[in-house]
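Asks: Handing you a structure now.
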Amino acid sequence: IKTARFEDDIPEDQIKSLKERFFREAESAGKLLHPNIIKIYDAGEDGDIAFIAMEFLEGGDLKNYCEKDKLLPMDKVIDLTAKTADALDYAHEQGIVHRDIKPANIMLLKDGTLRVTDFGIARVTASSKTQTGTVLGTPSYMSPESVAGKKVDGRADIFSLGVMFYELLTGVKPFEGEGIAQLLYKITNEPHPDPKQYNPAIPDDVVAVINKSLAKDPAQRYQRAKEMETDLQACLANLHKTMN
C-alpha cells in the first residue's frame with residue numbers, strides 16, 4: 002500500500018486539486034494491464050491520507066545493480082531494458098507518460114520477471130511535497146525538455162530509460178555534476194561520455210542505442226519505445242551469436 006499525506010500547510014484549494022490528480026493518476030495506472038507493469042487494485046482515502054493498493058512484489062529494484070562491482074551480465078541488462086521499453090510503449094499507447102523512469106522504479110522479482118512501478122504516482126506525491134520546499138529524488142534521469150519545464154511526451158521516458166541503460170552497463174551515470182545546477186546544465190547542453198570508456202566490452206550496436214535514446218532533441222531520439230525495444234532485441238541476438 003502506497004500512501005500520500007497532503008500536509009496541513011498546503012492551501013485547501015491546492016490539496017483538492019492534488020487529491021483529484023492523485024486519484025486520476027491512480028485510475029490511469031490501474032487501467033494498465035501489462036505483464037511488466039505493476040497492478041493497481043484500489044485507491045481511496047482515510048482521513049487526510051490518500052492510499053493506493055497494488056500488487057505485492059517480492060524482489061529488489063535495479064538500483065542494486067548500478068555499482069561497478071554489482072553489474073548484471075550484459076545480456077541480462079539488454080533484456081531487462083527491452084522489457085521496460087515494451088512496457089513503456091504500451092503505456093504511451095494508452096496516453097500515459099511515466100515521467101520518473103529510474104532504476105529504483107524498476108523491480109526485478111525473485112522469479113526473474115520485471116515490473117515497472119510508480120506510474121505517474123511518484124510525480125503526484127512529489128508535487129505535493131514541492132509546495133513545502135522539499136526536493137525529492139535525483140534529477141539525474143530527467144530529459145532536457147523536462148529540465149526546461151516543457152510539456153513532455155513518451156520520448157522523455159525514452160531518454161530516462163537511456164540514462165538507466167547506460168548506468169546499468171557502466172556503473173556510472175552519463176550526467177553528473179558538483180551540484181544540481183551543473184548537473185542540469187550537462188543534461189541540457191553537454192554530450193554524454195562514450196560508455197566504452199567505462200566498459201570497453203559494450204558492443205557498437207549497443208552504443209548506438211544509447212546514443213539515439215540520449216539525443217538532446219526529442220526529434221532525434223527514438224519516437225516510440227517499441228523502436229528502442231526492437232533495436233535492443235537485435236543487440237541481444239547479436240550478443241548471443243558472439244557468445245556462442
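Residue 2 is where the sequence shown starts when you use this note's numbering, and the numbers rise one by one after that. Cβ coordinates follow ideal geometry from the N, Cα and C atoms, glycine included. Keep in mind it's a predicted model, so treat the numbers as computed, not measured.
1. Flag this pair as yes or no: are the beta carbons of D87 and E230 separated by less than 7 Å?
2. Out of G178, T171, H193, E179, which one is the CA nearest neighbour of F160?
3. Give me the Cα-Cα distance between K20 and K152, rounded to the nearest whole angstrom.
4. For the pair the stretch 55-72 and the stretch 207-224, tell me if three or more CB-CB distances fall below 8 Å.
5. What are the partner residues of F160, as DSSP defines its beta bridges?
6. Going by C-alpha to C-alpha distance, which of I2, K17, P74, P12 sits closest to T171?
7. On the three-state DSSP scale, how would you describe I97?
8. Compute the Euclidean distance between the alpha carbons of V78 and M55, then round it to the nearest angstrom.
9. For R222 versus R156, is the C-beta spacing smaller than 7 Å?
10. How about H93: is its Cβ closer than 6 Å to a heavy atom in the ligand FAD?
11. Taking the alpha helix (DSSP H) that I50 belongs to, which residues open and close that run?
12. Of the residues Y91, G150, T85, L115, which one's Cα is nearest the Cα of S29?
13. Along the chain, where does the alpha helix (DSSP H) that runs through M244 open and close?
Replies: From the atom records:
1. yes
2. When only C-alpha atoms are compared, the closest one is H193.
3. 22 Å
4. A contact is defined here as three or more CB-CB pairs under 8 Å, and the stretch 55-72 fails this definition with respect to the stretch 207-224.
5. F160 pairs with nothing; no bridge assigned.
6. P74
7. coil
8. 26 Å
9. Using a Cβ distance threshold of 7 Å, R222 and R156 count as a contacting pair.
10. Ligands displayed in this structure: none; no statement on the ligand FAD is therefore possible.
11. Note, I50: premise wrong, no alpha helix (DSSP H); beta strand (DSSP E) at 50-55.
12. For the residues Y91, G150, T85, L115, the minimum Cα distance to S29 belongs to Y91.
13. 226-244
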